[in-house]
Amino acid sequence: MREPSSPRGRRRQRRSGGTPQPVASPWQNIRNPLPPIEPLSADQIESIHRASLTVLAEIGMKVTDPEARRILADGGARIDTTEETVFLDPEMVEETVAHAPSEFILKARNPSRSLTIGGNHLTFSGVGGPAFVSDLDRGRRTGTYAELCDYKRLFQCFDIIHYA
Numbered sequence: 001m002r003e004p005s006s007p008r009g010r011r012r013q014r015r016s017g018g019t020p021q022p023v024a025s026p027w028q029n030i031r032n033p034l035p036p037i038e039p040l041s042a043d044q045i046e047s048i049h050r051a052s053l054t055v056l057a058e059i060g061m062k063v064t065d066p067e068a069r070r071i072l073a074d075g076g077a078r079i080d081t082t083e084e085t086v087f088l089d090p091e092m093v094e095e096t097v098a099h100a101p102s103e104f105i106l107k108a109r110n111p112s113r114s115l116t117i118g119g120n121h122l123t124f125s126g127v128g129g130p131a132f133v134s135d136l137d138r139g140r141r142t143g144t145y146a147e148l149c150d151y152k153r154l155f156q157c158f159d160i161i162h163y164a
């Protein structure tokens with residue numbers, strides 16, 4: 001059982017403004033100083049990559065947006081319009097990935113809030129919105145618009161969340 005604090009300690013706490021509050025760091029771009037964790041070997045990663053190329057070439061992926069299918073077709077993809085499926089040639093995927101930058105800047109209206117994505121930069125964000133919410137009184141349920149608004153307000157209170 002916790003011992004009650006002395007009257008003198010309580011007076012000192014009242015004079016100093018009460019319980020000390022944690023100090024939040026200001027908004028900032030964050031870099032990870034540690035090397036990346038490598039749970040898979042280079043051979044395992046290559047095996048997964050080759051399997052993904054096979055899936056994209058032989059099974060394809062469903063793309064329901066007609067404009068997206070047109071853009072992919074213009075880039076050399078084979079399209080099955082009846083099934084809305086796009087098949088990507090492995091060479092096309094490899095060439096496209098080779099042109100992707102290892103990092104890029106997500107520009108903000110306020111330049112001091114622009115974010116670098118990739119490399120050893122860390123960013124924190126919320127998801128699009130709560131498809132489901134849960135509380136102790138009502139349990140898990142489908143999220144409402146009001147709960148989405150609460151979620152967005154909550155995320156905008158934290159300087160560590162880069163974008164919500």
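For the sequence shown, the UniProt record's numbering begins at 1 and goes up steadily by one.
Just so it is clear, CB atoms sit at the ideal spot from N, CA and C, and this is done for glycine as well.
Which listed residue (His121, Ile160 and Arg141) has its alpha carbon closest to that of arginine 31: Residue 31 sits at position 31 when you count from the first residue of the sequence shown. Of the listed residues, the one whose Cα sits closest to arginine 31 is His121.
9 Å Cβ cutoff met for valine 133 and threonine 144: Position 133 of the sequence shown, counted from the first residue, corresponds to residue 133. Position 144 of the sequence shown, counted from the first residue, corresponds to residue 144. Against a cut-off of 9 Å, the Cβ pair of threonine 144 and valine 133 comes out as a contact.
Local conformation of glutamate 38 per DSSP, three classes: As a working note, residue 38 is residue 38 in the sequence shown. Three-state result, glutamate 38: coil.
Three-state secondary structure assigned by DSSP to serine 102: On the sequence shown, position 102 is the one that residue 102 refers to. The answer is coil: DSSP assigns serine 102 none of H, G, I, E or B.
Secondary structure, beta strand (DSSP E): runs of 3+ residues fully inside the stretch 61-132: 78-80, 85-87, 103-106 and 115-118
Between the CA atoms of arginine 138 and glutamine 21 - distance to the nearest angstrom: Indexing the sequence shown from 1 puts residue 21 at position 21. Indexing the sequence shown from 1 puts residue 138 at position 138. Glutamine 21 and arginine 138: Cα-Cα distance of roughly 32 Å.
Beta-carbon contacts of glycine 119 that lie in its chain and below 7 Å, excluding the five residues immediately before and after: Numbered from its first residue, the sequence shown carries residue 119 at position 119. Same-chain partners within the cutoff: Ser102 and Glu103.
Best match in Glu83, Glu84 and Arg78 for proximity to proline 90 [C-alpha to C-alpha]: Residue numbering aside, residue 90 sits at position 90 when the sequence shown is read from its first letter. Cα-wise, what sits closest to proline 90 is Arg78.
Residues near tryptophan 27 in its chain [Cβ-Cβ closer than 6 Å; skip 5 each side]: Position 27 of the sequence shown, counted from the start, is the residue given in the question as residue 27. Same-chain partners within the cutoff: Asp159.
Contact check, phenylalanine 87 vs leucine 53, beta carbons under 9 Å: Along the sequence shown, one-based indexing puts residue 87 at 87. Along the sequence shown, one-based indexing puts residue 53 at 53. No.
Alpha carbon of threonine 85 to alpha carbon of arginine 70, nearest angstrom: The count along the sequence shown starts at 1 and reaches residue 85 at position 85. The count along the sequence shown starts at 1 and reaches residue 70 at position 70. Threonine 85 and arginine 70: Cα-Cα distance of roughly 12 Å.
DSSP-derived helix/strand/coil call for isoleucine 161: Counting from one through the sequence shown, the residue named residue 161 turns up at place 161. Reduced to three states, the DSSP call for isoleucine 161 is coil.
Which listed residue (Asp65, Pro66 and Ala51) has its alpha carbon closest to that of isoleucine 59: Numbered from its first residue, the sequence shown carries residue 59 at position 59. Among Asp65, Pro66 and Ala51, the Cα nearest to that of isoleucine 59 belongs to Ala51.
Closest Cα partner of alanine 100 within the set Leu154, Pro39, Ser112 and Ile117: To locate residue 100, count along the sequence shown from 1; it is residue 100. Selected option, being the one with the closest Cα: Ile117.
Buried/exposed call for leucine 40, threshold 16 Cβ in 10 Å: Indexing the sequence shown from 1 puts residue 40 at position 40. Leucine 40 should be labelled exposed.
Limits of the unbroken beta strand (DSSP E) element including arginine 141: Numbered from 1 along the sequence shown, position 141 holds the residue referred to as residue 141. Where arginine 141 is concerned, the enclosing beta strand (DSSP E) stretches over 139-142.
6 Å CB neighbourhood of glycine 76 in its chain, flanking five on each side removed: Here residue 76 refers to the residue found at position 76 of the sequence shown. Same-chain partners within the cutoff: Met92.
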